[in-house]
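Residues 780 to 1171 in the working numbering are what the sequence shown lists, from first letter to last.
Beta carbons are placed, not taken as given, at the ideal position from N, Cα and C, and that holds for glycine.
Heads up: the structure comes next, in structure tokens.
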Amino acid sequence: MDEAIAREFEASQRARRNRKAAKAGKTPDETEEDETEEERMARLLQETETQGQYLRRGRQLVDRYRRERRLQVSLEDLDPMVFAGWMSELRPGLRKSAWRTYRQAGAAIILTIPHDSGPDAVALLYTDGRRLLEEARSTYRRGQVKESKPRAKRIRAKHFKEIRESLGQISRAQAVDWLDDWMVAGVNTGLRPGEWALAHIETRRVPDGGRRIWLHVVNAKATHGRGNGEYRTLDISDFRDSTLEAIGRQVQRAHKWTLEGKFAQRQADVADLFYHACSILCPKENYSLYSLRHQFIANMKSATGDAAVVATLCGHISIETQIEHYGKKRSSWLGGVKEPFDVPHALADQVAPVQAHMAELEKRQVLKAKQELADLKKKAEKASEDSPSPAR
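Written as structure tokens, this is what we have:
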């Protein structure tokens, strides 16, 4: 946001004046008093030129973003939050000084985009860098240690229950409540951890006196045709009250954290507590917050039995994604004495594109099979023609 940039700029200018005063053996106030009109104009000109450099660098970042995401959109049509999220992905690989330049450049160019989410996007860039860096390093270390052990694609019902019941004894941190709601909301909606930042709930009264409740989600993987559009909506009207309350708190917190530019930091807090709890209660499992999404998919495969509906609820356009990369039906909590879960409903107009994609894929597979059969027949005929006739 503008205030954050102003504070950052003011701090850098104050540091510059302090260095200049130290060299001259004076206090910063004395240095400013001794500044001539020409020196003041030169300083202001330099500051203006610096801002121009940030804008030029920002435009270069936008060009790079377009290339990497294969986008053909004007600067005015760019989504600042998505752009800021992309920039945040660059952060772990940069030095602190380089990131400060990237951040200033990104903030400068974002504030030129006529979009309501501009201030929120800048706030996202100004998240505490040290905390994010440490989280990236700890994630890297965990990856090094557990490289041979893949991330769990489910979370056992008994472990889910044990973790929730034991959180109060494991830690007294504020993140205990955050993690508890995150677990309930995550396993019943299947959102990717980062998708909570922009999720929101819509509630409407209906003529029969009831209500309809929808959870609207910005798909995190909507580029290159991987997702079923930019948004997806889950009808959660039939959820238990306790689940709805947890989702409501999760959405409210995530919205607040995003506006404050602290979502990534808070997600790291929750993830750290989750890893800590798992290391105590189920050390042989490699659970992560993403395991909640895997478990959701496994549960939905059993509960709905409709691959197109499951793909829609997850934001996928192809059913192959959930088949190959996500939780298996056999890992479902359905049946037996297991943890209860809620089942959201997908919107018909969002299921239709997935069904159309499935039908088109089936046609292609039939054509491919026919072509392969025709090729085999040709090869057999050619082999028959080339073989010598039997001697009489």
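Helix, strand or coil at residue i according to DSSP, with G and I counted as helix
i: V997; result: strand
i: Y833; result: helix
i: A1125; result: strand
i: L873; result: coil
i: W1036; result: helix
i: Y905; result: coil
i: S867; result: helix
i: E914; result: Because the pLDDT at E914 is just 48, under 50, the model does not fix this residue reliably, and the value given afterwards should be weighed accordingly. Of the three classes helix, strand and coil, the one that applies to E914 here is helix, per DSSP.
i: Q1134; result: helix
i: S1111; result: coil
i: A887; result: helix
i: V861; result: helix
i: G922; result: The pLDDT assigned to G922 is 43, lower than 50, so where the model puts this residue is not dependable, and the model offers no usable value.
i: R971; result: coil
i: G897; result: helix
i: K1161; result: helix
i: A931; result: coil
i: Q1150; result: helix
i: Q851; result: coil
i: G1027; result: helix
i: E1009; result: coil
i: E752; result: What is shown of the chain runs 780 to 1171, which leaves residue 752 out entirely.
i: R838; result: helix
i: R1019; result: coil
i: D987; result: coil
DSSP beta-bridge partners of residue i
i: T982; result: I992
i: D1014; result: W993, H1124
Nearest candidate by alpha-carbon position, reference residue i, set the options
i: Q832; options: A900, V966, T982, A886; result: A886
i: T982; options: G973, S876, D1051, L994; result: L994
i: R1173; options: R930, D1017, R836, H979; result: Because the chain spans 780 through 1171 in this model, residue 1173 falls outside it and cannot be assessed.
i: T1022; options: Y1069, A931, D1085, V966; result: V966
i: T968; options: L1113, L1052, G1094; result: G1094
i: F862; options: Y881, R874, V841, H1073; result: V841
i: E1024; options: D956, V997, Q1150; result: D956
i: T880; options: R835, V1122, A1077, A1125; result: R835
i: V901; options: H1055, L1155, F1042; result: F1042
i: A1135; options: K1158, A1086, K1161, A1159; result: A1086
i: V997; options: H979, R848, L1071; result: H979
i: R1045; options: A1033, R1143, G872, R874; result: A1033
i: D1121; options: R935, A952, L1013, A931; result: L1013
i: G1027; options: M962, A1077, S1081; result: M962
i: Q953; options: E868, L1052, E855, R845; result: L1052
i: M1079; options: P1119, C1061, N1065; result: P1119
i: L977; options: K1158, A931, A1127, T1037; result: T1037
i: E1064; options: H938, R1019, G897, K1161; result: H938
Range covered by the alpha helix (DSSP H) that runs through residue i
i: L1092; result: 1086-1093
i: F1054; result: Looking at the sequence itself, residue 1054 is Tyr, so the reference to Phe does not match. From DSSP, the alpha helix (DSSP H) with Y1054 extends over 1042-1060.
i: R943; result: 936-949
i: N1065; result: From DSSP, N1065 is part of no alpha helix (DSSP H); its letter is neither H nor E.
i: R1072; result: 1069-1083
i: T968; result: 954-968
Buried or exposed by the 16-neighbour rule on C-beta atoms within 10 Å, applied to residue i
i: G864; result: buried
i: S1110; result: buried
i: A1090; result: buried
i: V985; result: exposed
i: E974; result: buried
i: T891; result: exposed
i: L1146; result: exposed
i: I1059; result: exposed
i: Q948; result: exposed
i: S945; result: exposed
i: G988; result: exposed
i: K1149; result: exposed
i: R951; result: exposed
i: L1152; result: exposed
i: D959; result: buried
i: S853; result: exposed
i: G1040; result: buried
i: L1155; result: exposed
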